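J.: So the protein sequences, as listed, match chains A and B.
Taken in order, the first sequence gives residues 413 to 588; the numbers are from my numbering.
Taken in order, the second sequence gives residues 413 to 588; the numbers are from my numbering.
C-beta atoms are modelled at their ideal positions from N, C-alpha and C, and glycine is treated no differently.
Quick caveat: nothing in here was measured; it's all calculated off a predicted structure.
Take a look at this one; I'll ask things after.
Protein chains: 2
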Amino acid sequence: MNIQDVILGILCKQPHSGYEIKRHFEEYFSFFFDASFGTIYPTLSKLEGLNLITKEAVRQEGKPDKNVYTITEAGKEHFRSYLVQPAEKEVLRSDFLMHLYFGDMADEETMNTLLREGLQNKRDMYTDLEQKMNQLDGKLSPHQKLCIELGLVQYKAFIMKLEHVLESSGEGPAPS
Amino acid sequence: MNIQDVILGILCKQPHSGYEIKRHFEEYFSFFFDASFGTIYPTLSKLEGLNLITKEAVRQEGKPDKNVYTITEAGKEHFRSYLVQPAEKEVLRSDFLMHLYFGDMADEETMNTLLREGLQNKRDMYTDLEQKMNQLDGKLSPHQKLCIELGLVQYKAFIMKLEHVLESSGEGPAPS
DNA sequence: TAAAACATGTAAGTAGTTACATGATTCC
DNA sequence: GGAATCATGTAACTACTTACATGTTTTA
Numbered sequence: 413m414n415i416q417d418v419i420l421g422i423l424c425k426q427p428h429s430g431y432e433i434k435r436h437f438e439e440y441f442s443f444f445f446d447a448s449f450g451t452i453y454p455t456l457s458k459l460e461g462l463n464l465i466t467k468e469a470v471r472q473e474g475k476p477d478k479n480v481y482t483i484t485e486a487g488k489e490h491f492r493s494y495l496v497q498p499a500e501k502e503v504l505r506s507d508f509l510m511h512l513y514f515g516d517m518a519d520e521e522t523m524n525t526l527l528r529e530g531l532q533n534k535r536d537m538y539t540d541l542e543q544k545m546n547q548l549d550g551k552l553s554p555h556q557k558l559c560i561e562l563g564l565v566q567y568k569a570f571i572m573k574l575e576h577v578l579e580s581s582g583e584g585p586a587p588s
Numbered sequence: 413m414n415i416q417d418v419i420l421g422i423l424c425k426q427p428h429s430g431y432e433i434k435r436h437f438e439e440y441f442s443f444f445f446d447a448s449f450g451t452i453y454p455t456l457s458k459l460e461g462l463n464l465i466t467k468e469a470v471r472q473e474g475k476p477d478k479n480v481y482t483i484t485e486a487g488k489e490h491f492r493s494y495l496v497q498p499a500e501k502e503v504l505r506s507d508f509l510m511h512l513y514f515g516d517m518a519d520e521e522t523m524n525t526l527l528r529e530g531l532q533n534k535r536d537m538y539t540d541l542e543q544k545m546n547q548l549d550g551k552l553s554p555h556q557k558l559c560i561e562l563g564l565v566q567y568k569a570f571i572m573k574l575e576h577v578l579e580s581s582g583e584g585p586a587p588s
C-alpha cells in the first residue's frame, strides 16, 4: 500500500481535488492511514503523468478555484490489481508503549502522567471515532462500518485494561 | 521517538552488539516498533560519533567477533530527557483496513479471503505474543508485562469482532 | 481587519528500507 | 558441502514530513 493506491481508491467513487482528498483521509480513515499535502499534490501530478487520472480546473463561487482529478480506465485497472493483492503486514509505531517499556528508568510521577495521558488520549480517540460513525452512518458501506468498529473495539480493550491497572494501583478510581 | 532513543534505552540496561539489538527488537517489541540492520549499524556509528556510546571489539569462541556498544553518561542523560517527554501520537498503518474500506469494489470471494487471512494473521500474532510473555515471564518488569498485555487485549478484541462477523455472515462458524 | 477555511504547490530534509557485499562458524 | 545462524557494513532508493511560499474568500 502506498499513497498512490489510496488516492486511486478514493477517486474510484467520484472525482476530487487534492484538498478534498486530504479531508477524506482525515474524516474516514485517519486512524489507520494519513498523509500530508506535501505528498498528496506531488502524487496527483505523478498519477496524471502516468495517465491514471486526469486533471480539470474548476471555478467555484465563494471559494478559490480547484483542480479536480478524475480516474481513468487505466487507473481503475491499477486500483483493482492493488485490491486483489494480499494485505501487507500491519505496522504500529507506539511511543506510548516505548515509554512504558522503559518505565523502570523513570520515576513514579512520570509514569503516572504517562498512563493517565495515554488513557485520556485513547478515550478521546474512541469518542471521536464513535461520533464519526454516528454522523456518517447512512453514508457508510457495511465494510466501511466494520473498519470503524474494529478500531472501536481495539480502543475499548486498551481503555478497559488501562483503567483496570490504574484502579488497582492504589491511585483511586480513574476519573471518567 | 526515533531509533537513536530506542537503542540508547536498550543499552541502558547492558552493553550489546548491533546484531543483539536487532534480536532485542524482534523478541521484545516487534509489535510496536521495528528496525532493520540498514538503520541499526549506521545509527550505532552516529551515536558513537556523538559520544553517547562507546565501541569495543569482542572476540567470541564458536562465533564471529562482534562490536559491543556501551552507553556513556552523556548517553544516559540523553535517554532520560527522551523518557520525560510526552509520548508522540501513535501511528497505525493498516493495509488490511484499507482493503476492507474499499471492499465494495472487490468481489465476495476476495473479501472472504481478506477477512479470513486477516483473522488468521491476528490469531498467529496473538499466539506468538502470548508465548513470548510466558517464556519471558521472569525477566519482564511489570511495565514491560503491561506493554504485552495491552497488545494482547487489543488483538483479542479484533479477533472476537472478526469471528463474530464471519459467523453471522452465513459462512458457518469460523474455524479455530 | 484579522482569523479561519479553502486551495495549490515546492524545496529541503528526515528516516527509514531493500538489496548488495562480505565473511566466520556451526550443524546437518 | 550446503544451509542456518552469527556478524557487520554500505549504496541506492523510497516515502514520506516540515516548512516555506502564495493566494482567495468568508466569517466574526
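Residues of the region 505-531 of chain A with a CB closer than 7 angstroms to any CB of chain B: list them in chain order, please.
T.: Arg-505, Ser-506, Asp-507, Phe-508, Leu-509, Met-510, His-511, Leu-512, Tyr-513, Phe-514, Gly-515, Asp-516, Met-517, Ala-518, Thr-522, Leu-526, Glu-529 and Gly-530
J.: Which partner residues of Lys-478/A appear in the DSSP bridge assignment?
T.: Val-470/A
J.: With three or more C-beta pairs closer than 8 angstroms as the rule, is the region 518-528 of chain B touching the region 493-500 of chain B?
T.: no
J.: For Phe-441/B, which residues of its own chain have a beta-carbon under 8 angstroms away from its beta-carbon, when the five flanking residues on both sides are left out?
T.: Cys-559
J.: Can a CB atom of chain B be found closer than 9 angstroms to the CB of Lys-501/A?
T.: yes
J.: By the criterion of Cβ-Cβ separation under 9 angstroms, what are the contact partners of Gly-421/B in chain A?
T.: Met-510, Tyr-513, Phe-514 and Met-517
J.: Between the beta-carbon of Leu-464/B and the beta-carbon of Leu-504/B, is there less than 9 angstroms?
T.: Result no, Cβ atoms of Leu-464/B and Leu-504/B do not sit closer than 9 angstroms.
J.: Which residues in the same chain as His-428/B place their Cβ atom closer than 8 angstroms to its Cβ, once the five residues preceding and following it in sequence are excluded?
T.: Ile-422, His-436, Val-480 and Tyr-481
J.: Does DSSP classify Val-496/B as helix, strand or coil?
T.: The three-state secondary structure of Val-496/B, taken from DSSP, is coil.
J.: Here's the rule I'm using: 16 or more other beta-carbon atoms within 10 Å means buried, otherwise exposed. How should Gly-450/A be labelled?
T.: exposed
J.: Once you ignore the five residues that flank Gly-430/B on each side, which residues in its own chain have a CB closer than 6 angstroms to its CB?
T.: Ile-452, Tyr-453 and Leu-456
J.: What does the Cβ neighbour count give for Ser-448/A, buried or exposed, with the cut at 16 atoms within 10 Å?
T.: With fewer than 16 other Cβ atoms within 10 Å, it is exposed.
J.: Using alpha carbons as the reference points, say which of Lys-501/A, Asn-533/A, Asp-507/A and Phe-508/A lies closest to Ser-506/B.
T.: Lys-501/A
J.: Output yes if chain B places a C-beta closer than 9 angstroms to the C-beta of Gln-556/A; else output no.
T.: yes
J.: What does the alpha-carbon distance come out to for the pair His-461/B and Gln-556/A?
T.: For clarity, residue 461/B is Gly in the given sequence; the question names His instead. Each residue's Cα considered, the two are about 49 angstroms apart.
J.: Just checking: is the beta-carbon of Gln-416/B within a distance shorter than 9 angstroms of some beta-carbon in chain A?
T.: Taking 9 angstroms as the threshold, the shortest C-beta distance from Gln-416/B to chain A does not fall below it.
J.: Please report the residue range of the beta strand (DSSP E) in which Leu-504/A lies.
T.: Segment 503-505, the beta strand (DSSP E) holding Leu-504/A.
J.: Would you identify the three-state DSSP class for Ser-365/B, choosing helix, strand or coil?
T.: This structure gives no information on residue 365/B, because the portion of chain B shown stretches from 413 to 588.
J.: Determine the direct distance from the alpha carbon of Leu-541/A to that of Gly-515/A, and round the result to whole angstroms.
T.: 29 angstroms
J.: State yes or no: is the C-beta of Met-537/A within less than 9 angstroms of the C-beta of Tyr-567/A?
T.: yes
J.: Could you run through the region 567-579 of chain B and flag, in chain order, every residue whose CB is less than 7 angstroms away from some CB of chain A?
T.: Lys-568, Ala-569, Phe-570, Lys-573 and Val-577
J.: At what residues does the alpha helix (DSSP H) containing Asp-540/A begin and finish?
T.: 520-547
J.: In chain order, what residues of the same chain lie with their CB nearer than 8 angstroms to the CB of Lys-534/A, ignoring the 5 residues before and after it?
T.: Tyr-567, Phe-570, Ile-571 and Leu-574
J.: So the alpha helix (DSSP H) Thr-451/B belongs to, where does it begin and stop?
T.: 449-461
J.: Suppose you measure from the CA of Pro-476/A to the CA of Phe-443/A; what does that come to, to the nearest Å?
T.: 29 angstroms
J.: Less than 6 angstroms between C-beta atoms, sequence neighbours within five positions excluded: which residues of the same chain meet that for Gly-487/A?
T.: Leu-420, Leu-464 and Ile-465
J.: For chain B, check one thing: does any of its Cβ atoms lie closer than 9 angstroms to the Cβ of Phe-437/A?
T.: no
J.: For the alpha helix (DSSP H) that contains Lys-557/B, what are its first and last residues?
T.: 554-579
J.: What is the rounded straight-line gap between the Cα of Glu-432/A and the Cα of Glu-489/A?
T.: 23 angstroms
J.: What do you get for Val-565/B, buried or exposed, if any count of 16 or more other CB atoms within 10 angstroms of its CB means buried?
T.: By the neighbour-count definition (other C-beta atoms within 10 Å, threshold 16), Val-565/B is a buried residue.
J.: Using the rule of at least 16 other Cβ atoms within 10 Å of the residue's Cβ for burial, across every protein chain shown, is Val-470/A buried or exposed?
T.: exposed
J.: Taking only beta-carbon positions, decide if Pro-454/A is within less than 9 angstroms of chain B.
T.: no
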